[in-house]
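Colleague: Provided herewith is a single structure, encoded as structure tokens, for subsequent inquiry.
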Ligand SMILES: Nc1ncnc2c1ncn2[C@@H]1O[C@H](COP(=O)(O)OP(=O)(O)O)[C@@H](O)[C@H]1O
Ligand SMILES: [Mg+2]
């Protein structure tokens, strides 16, 4: 479908229609010498895409995820989330962008102990001031969507690893973000649970959710529609073609 | 979608009620640790509330007692009183004191030179420090005294050897009731005990005395007719001026040898002395509270280290630094408020149980309960300050790296 070209676009001249857009992003960690973990990375992920980011250990995948998720600010370059240029935003606003636009799934699940599945999921709506009743309603919906409608009131320690990660996926989806970032989501799971979680991710993609999966597992990456290969802080291959990286039209 | 979307308000927001919900989630998930860290503050607050409650209850009991005994009793003694020496007041001292217009009532006690024993077989000298004295029939009324058993001396019984024993004397002589005829051995004769007294808080010397009638004392024991001590009740507003004229009234020739005292002063001084002790215990309670606060700070610092993952997660879910700071501050205050509630409950219960066992009116000073509570909140807020700011400073990427 044809994109509306935005009138005077943000400073870097980005299109605002992408779920996520990076332009000339550099991330250096201070040190002697400084570590350049991301070196001039540009990429664009459209709404509805399912993308694998793959690369060896130390290649900059986690740094890329942190920058894409606005958990860390780039040393230079532009990160635009759903058309919002985060570079010019205050800490409170960037936190608000995460609360509304981004969902996270981590290798370690990060479910809070002593809270039921529903309560854990509803934490995904906490920081945009959704009223408790609505939080609960939407959390139940999200848990049903990941197939855990029968585990609503279970605390994390009563759930299997695969179930825990599905709760985490529900938490990442509950606020209907522009995209979900999953960092090694199957890294702590056995093969059966891995399949279940990857099937869930595919299902969600089919229903229209935008998802970026970071993985070092080539088989998992190969099963996804688009792969971005990272090496030494640069994107060395993009199965969608180089043109996409510059933020142009498909 | 156009650029106008970027202008929409996107600031992260946490509802006020959710600040408390989030702050309570940590303590709720770790109940044992919550209880233990609140305990320190509990002990401090319990000590403060208990000490204040008990001291107020005991003070009020003492003051009630003083009030019921009357603060208008003046004791007039020659030298050291009937206990020591030969000094005595003039024979007519009681009559002259009774004539003072501001004196409403007066009674006298005379020294008797005799020893008292339970029976004739007790060796000489083992008197158990019990004195034999004589009194007029009005003594009990003048002192607002009470009988534990039997009757006091009257016109009839005071002319013959009949004895009324003080509370301590009764105990030392082994008299626990007058169900059967009871005798004590005074001088060379058995004397029937017709009454046992309750304590005389305003005239403790009489607790250790065996009292016989004045006439009998003179007749059978050759007692000195000059009184040793006079007890007088004075019109309430004129106590100081009466006190000034009493020495010259009682003994116009040697007024300087007469001492006038107000026994209720000593009891009031005792209440004040209790206050000094209370201050000491309050100090100890405050130290306990401080230690409790340090305990909470400690637990919170550990919580921040242990819960880095949670902090990182919450930042990823959209929490700002301020949200994280508020969460951990709230958590510290919740711990200390729980401690405060527990401490007030323990302090009130302890006061109630002890005061009731002492037959005191239970008084919980409001400043103690409310102050303890506010103190707990303040302690929690101060204890949480440093851990909360550490949690807030933690970068999300660092917090998520475990
Ligand atoms: N906080 C940091 N401080 C300094 N160097 C870092 C930090 N985080 C990552 N790095 C370095 O940046 C590079 C990329 O790391 P990372 O993004 O974690 O790679 P990956 O996730 O692909 O293993 C590595 O050389 C790593 O040592
Ligand atoms: Mg990594």
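Protein chains in written order, with the numbering used here: chain V, 523 to 772; chain R, 877 to 1278. A virtual CB, placed ideally from N, CA and C, is assigned to each residue, including glycine.
So that I know if they touch, is there some Cβ in chain V lying closer than 8 Å to that of residue 839 of chain R?
Modeller: Nothing about residue 839 of chain R can be reported from this structure: the residues present for chain R run from 877 to 1278 only.
Colleague: Give the secondary structure of residue 585 of chain V by DSSP, where H, G and I count as helix, E and B as strand, and everything else as coil.
Modeller: Helix, per DSSP.
Colleague: With burial defined as no fewer than 16 other Cβ atoms inside 10 Å of the residue's Cβ, what is the status of residue 1239 of chain R: buried or exposed?
Modeller: Per the 10 Å Cβ criterion, buried.
Colleague: What did DSSP end up calling residue 642 of chain V once you bin it into helix, strand or coil?
Modeller: Residue state, collapsed to three classes: helix.
Colleague: Could you tell me the distance, in whole angstroms, from the CA atom of residue 960 of chain R to the CA atom of residue 1019 of chain R?
Modeller: At residue 960 of chain R the pLDDT is 49, less than 50, meaning the model places this residue with poor confidence; the figure from the coordinates comes in the next sentence. Cα-Cα distance, rounded: 22 Å.
Colleague: Tell me the rounded alpha-carbon separation between residue 621 of chain V and residue 1162 of chain R.
Modeller: Approximately 44 Å, taken between the alpha carbons.
Colleague: Candidates R/949, R/1124 and R/921: which alpha carbon is nearest residue 1112 of chain R's?
Modeller: Answer by Cα proximity: R/949.
Colleague: Between residue 708 of chain V and ligand 1, is the CB less than 7 Å from at least one heavy atom?
Modeller: No, since every heavy atom of ligand 1 falls outside the 7 Å radius drawn around the Cβ of residue 708 of chain V.
Colleague: Among residues of its own chain, excluding the 5 on either side of residue 743 of chain V, which ones have a beta-carbon nearer than 7 Å to its beta-carbon?
Modeller: Cβ within range, chain order: 574, 576, 737 and 749.
Colleague: I need the boundaries of the beta strand (DSSP E) containing residue 551 of chain V, first residue and last residue.
Modeller: Its beta strand (DSSP E) spans residues 542 to 551.
Colleague: Examine chain R for any beta-carbon lying closer than 8 Å to the beta-carbon of residue 637 of chain V, and answer yes or no.
Modeller: Judged by the 8 Å Cβ criterion, residue 637 of chain V is in contact with chain R.
Colleague: Counting C-beta neighbours from all protein chains within 10 Å, is the total for residue 1155 of chain R 16 or more, i.e. buried, or is it exposed?
Modeller: Under this definition residue 1155 of chain R is an exposed residue.
Colleague: Look at the alpha carbon of residue 1182 of chain R and the alpha carbon of residue 703 of chain V, and state the distance between them as a whole number of angstroms.
Modeller: Cα to Cα, residue 1182 of chain R sits roughly 25 Å from residue 703 of chain V.
Colleague: Kindly say whether residue 1265 of chain R, judged by its beta-carbon, lies nearer than 8 Å to any beta-carbon of chain V.
Modeller: So, not an interface residue.
Colleague: Closer than 7 Å by beta-carbon distance: list the chain V residues that pair up with residue 1272 of chain R, in chain order.
Modeller: What residue 1272 of chain R touches in chain V: 593.
Colleague: Rank V/747, V/654, V/689 and V/657 by C-alpha distance to the C-alpha of residue 671 of chain V and give the top, closest one.
Modeller: The candidate whose alpha carbon is nearest that of residue 671 of chain V is V/689.
Colleague: Can you tell me whether residue 980 of chain R is helix, strand or coil according to DSSP?
Modeller: In this structure, residue 980 of chain R counts as strand in the three-state DSSP scheme.
Colleague: Within 8 Å (strictly less), CB to CB, does residue 908 of chain R reach chain V?
Modeller: Residue 908 of chain R does not count as touching chain V.
Colleague: Which residues share a DSSP beta bridge with residue 602 of chain V?
Modeller: Note: residue 602 of chain V sits in a beta bridge opposite V/543 and V/607.
Colleague: Count the other CB atoms, across all protein chains shown, that sit within 10 Å of the CB of residue 1220 of chain R; report buried if there are 16 or more and exposed otherwise.
Modeller: Flag for residue 1220 of chain R reads buried.
Colleague: Going by Cα to Cα distance, which pick from V/643, V/607, V/594 and V/543 is closest to residue 659 of chain V?
Modeller: Cα-wise, what sits closest to residue 659 of chain V is V/643.
Colleague: Are the stretch 970 to 981 of chain R and the stretch 1038 to 1045 of chain R touching by the rule of at least three beta carbon pairs closer than 8 Å?
Modeller: In short, these stretches do not touch, since the Cβ pair count stays below three.
Colleague: Alpha carbon to alpha carbon, what distance is there between residue 1140 of chain R and residue 940 of chain R?
Modeller: Cα to Cα, the separation comes out at about 12 Å.
Colleague: Considering only the alpha carbon of each residue, which of R/1108, R/972 and R/888 lies closest to residue 1014 of chain R?
Modeller: Of the listed residues, the one whose Cα sits closest to residue 1014 of chain R is R/1108.
Colleague: Would you say the beta carbon of residue 1167 of chain R is closer than 7 Å to some non-hydrogen atom of ligand 3?
Modeller: Ligands present in the displayed structure are limited to ligand 1 and ligand 2, and ligand 3 is not among them.
Colleague: Looking at C-beta atoms only, is the number of pairs between the stretch 1262 to 1273 of chain R and the stretch 1202 to 1209 of chain R that lie closer than 8 Å three or more?
Modeller: The stretch 1262 to 1273 of chain R vs the stretch 1202 to 1209 of chain R: in contact.
Colleague: Output, in sequence order along the chain, the residues in the stretch 1191 to 1222 of chain R whose CB is closer than 9 Å to any CB in chain V.
Modeller: Result list: 1191, 1192, 1193, 1194, 1195, 1196, 1197, 1198 and 1199.
Colleague: Considering Cα atoms alone, identify which of V/592, V/666 and V/762 is closest to residue 613 of chain V.
Modeller: Measuring from the Cα of residue 613 of chain V, the nearest candidate turns out to be V/592.
Colleague: Can you give the beta carbon distance from residue 763 of chain V to residue 697 of chain V, rounded, assuming they're within the 8 Å contact cut?
Modeller: Rounded, the Cβ-Cβ distance is 32 Å, inconsistent with contact.
Colleague: Please report the residue range of the alpha helix (DSSP H) in which residue 894 of chain R lies.
Modeller: Per DSSP, residue 894 of chain R belongs to the alpha helix (DSSP H) from 892 to 905.
Colleague: Return the first residue and the last residue of the beta strand (DSSP E) that residue 1152 of chain R is part of.
Modeller: Per DSSP, residue 1152 of chain R belongs to no beta strand (DSSP E); it is in the alpha helix (DSSP H), 1139 to 1182.
Colleague: Taking C-beta pairs closer than 7 Å, name the residues in chain R that residue 619 of chain V reaches, listed in chain order.
Modeller: Result: 886.
Colleague: Between which residues of its own chain and residue 1090 of chain R is the CB-CB distance below 7 Å, once the five residues before and five after are set aside?
Modeller: The residues are 986, 1010, 1011, 1012 and 1034.
Colleague: Would you decide whether residue 680 of chain V is buried or exposed? Buried here means 16 or more other CB atoms lie within 10 Å of its CB.
Modeller: Burial call: exposed.
Colleague: What does DSSP give as the partner residues of residue 624 of chain V in its beta bridges?
Modeller: For residue 624 of chain V, which the question treats as bridged, DSSP gives the partners V/701.
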